[in-house]
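What follows is a short report on a single structure.
In the numbering used here, the protein residues as written are 114 to 560.
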């Protein structure tokens, strides 16, 4: 597990009622399900942890923390770094602690404008310095230092809330987002539903386009990597042709049957890769015929010329195999959730949705549950390059019983080998029964 993922969450005084340590012992796994009765704060815990770990400025993270009702919140990362928010009167003290030492601190007060504040470090304590006090051992802390340190030590974060809106500093706002927030603030209810739907549509289009570009980049990297040894093919062929006949005979004993099997595998693999435009189908019947022919030159000569070519093709196929496996698993996983329709992908054209009659569909024609899943899986796939935590509130919303049973394992399958963690807040019996070993119950330890 990456050292930037979440090890534990500890909150005190939530709603003035609850104290939770999650989990009670050990660390959070690659997938954890927070469970509790309605109203005990499982969704709030997710949301507050998301805001505490998010470094984006002017995104409302600190405002959300300041307005929430709790006395102290601590999130410990797998690296051992602790992030803390402590309420002290009208001030929210935000700190980052590494190896038991404070490395960044910010006293956030919306009513006070400050770019930096002077502090002194006494042992392991950080104290605010009064303006008339002189101290040699001074360090400068404040908003800029804190946010920079926060960005350097936390994972990439996504929060899918109960309204099915995906929040993340790494996602650009949809074009209607400013208007959306304005309407929500002034409660212009007639426009809200239309704007929410429009924002979701834009968000899904952004996610699909981002995933398309990510796959295309990976495919290009693989193609470039696999083509580096093409010049070696011609070198080996030329070396063989220029060698004296006596040397050719002794040069190597080639297993013709083995080469024939390799050609068959190349034909199969290129056919599979062609489904996603990751390769061109290569028919190998002519080559296999040359290997088995007894007319003219010996089969060994054909084999010796084909061997470097085969090795080159295998190198190129091996280079794009990882992205093929990811794309294939992604497409197959999405199609397991779709009904009477399927998603297709080509590196040259991107994603296409079709119904069972082959008629192309717009993503907006998907159900709300299908849109939610496609959006989530798109960002999950492209998050493989960096440590990422997905927080998903009530995943059962818009998902039928079958989908609820499949969701967690499908997410784990598509992120196998990646530094990605999922934390759910749910009371779905389907999710809980399928993954009992991942359930963390919210128990108020001061009751």
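Glycine included, every Cβ here is placed at the ideal spot set by N, Cα and C.
Predicted model, so just to flag it, every value in this text is computed and none were measured.
Shown here for residue 188: same chain residues with a beta carbon closer than 7 angstroms to its own, the five before and five after excluded, namely 119, 122, 162, 165, 166 and 196 in chain order. For residue 500 and residue 117, the gap between their C-alpha atoms comes out near 6 angstroms. Judged by DSSP in its simplified three-state form, residue 393 adopts coil rather than helix or strand. Note on residue 324: 16 or more other CB atoms within 10 angstroms of its CB, so buried under the neighbour-count rule. Between residue 517 and the set 265, 509 and 158, the nearest pair of CA atoms involves 509. In terms of CA proximity to residue 175, 221 leads the group 221, 210, 199 and 550. Around residue 490, the same chain offers 443, 446, 447 and 527 as residues with beta carbons nearer than 7 angstroms, after the five sequence neighbours per side are excluded. Rounded to the nearest whole angstrom, the C-alpha separation of residue 550 and residue 460 is 39 angstroms. Rounded to whole angstroms, the separation of the alpha carbons of residue 224 and residue 520 is 44 angstroms.
Our two residues, residue 395 and residue 379, have alpha carbons roughly 7 angstroms apart in a direct line. As computed with DSSP, residue 123 is found in a beta bridge with 134 and 187. Look at the beta carbons and you see the segment 471-482 not touching the segment 421-438: under three pairs across the two are nearer than 8 angstroms. With a 10 Å radius around the Cβ and a threshold of 16 neighbouring Cβ atoms, residue 498 comes out exposed.
The closest CA to that of residue 206, considering only 194, 192 and 178, is found on 178. For residue 383, the number of other beta carbons within 10 angstroms of its own is at least 16, and it is reported as buried. For residue 534, the enclosing beta strand (DSSP E) begins and ends at 533-538. For residue 376, the enclosing alpha helix (DSSP H) begins and ends at 369-387.
Setting aside the 5 residues that flank it on each side, residue 374 has no residue in the same chain whose C-beta is closer than 6 angstroms to its C-beta. Per DSSP, residue 265 lies in no beta strand (DSSP E) segment; the continuous alpha helix (DSSP H) that holds it begins and ends at 256-266.
Contact annotation: residue 558 and residue 134 have beta-carbon atoms nearer than 8 angstroms. The C-beta of residue 316 has 16 or more other C-beta atoms within 10 Å across all chains shown, which makes the residue buried.
For the set 151, 336 and 368, the Cα lying nearest the Cα of residue 435 is the one of 336.
DSSP places residue 401 in the uninterrupted alpha helix (DSSP H) bounded by 398-405.
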